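This report concerns only the one structure given below.
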Amino acid sequence: MTVMSEELLEALEADESGDLDAIIEQRRPEDFDALRSLLRLDPTVEPSHRAKAIYALGRWGDPAVVEAIQDLLPDVEEAERIGAIDALGRLRAEDALDDILEHVDDESVSVRKFVARALGRINTPRARAELSKLEQTDPSDYIRSLASKLLSRG
Amino acid sequence: MATNVRTAVANRLGKSGTLSLKKDVFGVYSNVIPPQSRSLLRQMELIQTKPLVRVVLVTVTDTAANKIPNSQPQRDLDNANTIYQRECDAWIYCQDTRTRDRPDLTVFDQNDCGGVVGGHVVSDDEDELFDLGRDLGANIVCYYVFSATAFGGCAAHPPGRRGFWVGSPPNNNPASPDVAFAHELTHVVGDNAHVSTPADNLMTKAKGKLVSSTLTPAQQTRILADPDMEQP
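These protein sequence lines map, in sequence, to chains A and B.
Quick note: the first sequence, position 44, residue 44 per the working numbering, numbers continuous.
Count along the second sequence from 1, add 1000, and you get the number used in the working numbering.
Next up, the structure:
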């Protein structure tokens, strides 16, 4: 069983992300394992803790968690889905492109915004081609403009 | 009294013309007003004799998608005022409020909440968010947002644009909803960091903090010395 430090538990309970940001900076393997253990749809995992674990692991930068986040993506509610897409983008998870693109037509502008941002961060030729499609075809002016801005960053 | 109110409001609060007692004198903009007694005499005393900090409230919505923060701004202002008046003998004036329909910012992206090595990295969304409400007459702006990653609030802000955001249930239900606004405001006013003691302090990270939350003398001093605290 994964042991969670008091410090990490407090960070997961906090209103602000500052404590979790500090834990990410320290990069302790035991914290990484504890956060990773929260990436499951299990009634024993508090959804807010899972959402914060996704936030932290997306910023930690270790691609070992990509598959676990991919697995969560189809089954989580919008707020967590956004967090998961954001995390995959921050992890530059090229292997997760198909999973991210499942949400490219999501009716929520918020979800599509994070899809565009993730594509911009992954920034492979395929990701850029998908961004280019968004730039031309998304029904939202804002998303088309965001895609254009992300493409122009190169 | 009528002349005195008009003069005091013009001199101290900078408002003139047709004045609304509710908005301009009491700084009450909400239609949902908590049942709290509001004395004009007490308000006049505050206006004429006590240090004040002005805030603007901006609520970010996506009306088409029905993403509207489930916030209680008047409760937040009243509770923060109760704490500031009791602990610092200062008060908070709501200069103005606005709702901005910005679907692009309803769920916004944050890189971090500051305080880590290298300081706060301002995200594109924060850059846009903290531009809102800058023309309304207060240096400090509170943003009520529908959702922001997984957290309930944050006072990290771009340089030169002081402010903070507060999340909304059910996505970002603050752990201490009664004083989340006061807590975040106090990160900005006086640049107050988190503390672990005393247990009833407003700036602890504890859940369920109440309007009875306290401030230490050092925190009070920093609040009163804040550049946006206007002396009478």
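Positions of the beta carbon are idealized from the N, C-alpha and C atoms, including for glycine.
Note that the coordinates shown come from a computational prediction; the quantities given were computed from them, not determined experimentally.
First through last residue of the beta strand (DSSP E) which encompasses residue i
i, result
"residue 1092/B", "1091 to 1101"
"residue 1164/B", "1163 to 1166"
"residue 1132/B", "That residue, residue 1132/B, is in no beta strand (DSSP E); it is neither H nor E in DSSP."
"residue 69/A", "Residue 69/A -> not in any beta strand (DSSP E); alpha helix (DSSP H) instead, spanning 66 to 72."
CB contact below 9 Å: residue i versus chain B
i, result
"residue 73/A", "no"
"residue 114/A", "yes"
"residue 146/A", "yes"
"residue 122/A", "no"
"residue 82/A", "yes"
"residue 59/A", "yes"
Residue i at chain A interface by Cβ criterion, 9 Å
i, result
"residue 1117/B", "With a pLDDT of 49 at residue 1117/B, under the threshold of 50, the modelled position of that residue is not reliable, and no figure is offered here."
"residue 1067/B", "yes"
"residue 1181/B", "no"
"residue 1176/B", "yes"
"residue 1157/B", "no"
"residue 1103/B", "yes"
"residue 1142/B", "no"
9 Å Cβ cutoff met for residue i and residue j
i, j, result
"residue 1196/B", "residue 1097/B", "no"
"residue 1005/B", "residue 1028/B", "no"
"residue 1009/B", "residue 1142/B", "no"
"residue 1091/B", "residue 1079/B", "no"
"residue 1155/B", "residue 13/A", "no"
"residue 53/A", "residue 38/A", "yes"
"residue 104/A", "residue 133/A", "yes"
Cβ-based burial, residue i [other Cβ within 10 Å; buried from 16]
i, result
"residue 1239/B", "Since the displayed chain B opens at 1001 and closes at 1232, residue 1239/B lies outside it and no answer follows."
"residue 107/A", "exposed"
"residue 40/A", "exposed"
"residue 1168/B", "buried"
"residue 1041/B", "exposed"
"residue 1037/B", "exposed"
"residue 1021/B", "exposed"
Boundaries (first-last residue) of the alpha helix (DSSP H) holding residue i
i, result
"residue 55/A", "47 to 60"
"residue 142/A", "141 to 152"
"residue 1140/B", "Residue 1140/B -> not in any alpha helix (DSSP H); beta strand (DSSP E) instead, spanning 1140 to 1144."
Any non-hydrogen atom of the ligand GDP within 8 Å of residue i CB
i, result
"residue 130/A", "Absence of the ligand GDP is noted for the structure shown, with no ligands found whatsoever."
Query raised in the report: Touching or not, the region 1103 to 1113 of chain B and the region 107 to 124 of chain A, by the rule of three or more beta carbon pairs under 8 Å?
Result: yes
Requested in this report: Kindly confirm or deny that the region 1208 to 1215 of chain B and the region 1174 to 1188 of chain B touch, where touching means at least three C-beta pairs closer than 8 Å.
Outcome: yes
Query raised in the report: Does the region 2 to 20 of chain A touch the region 1065 to 1077 of chain B, meaning 3 or more C-beta pairs lie closer than 8 Å?
Result: no
Report task. Taking 8 Å as the threshold, find out whether the region 1214 to 1231 of chain B comes into contact with the region 48 to 63 of chain A through three or more Cβ pairs. Result -> no
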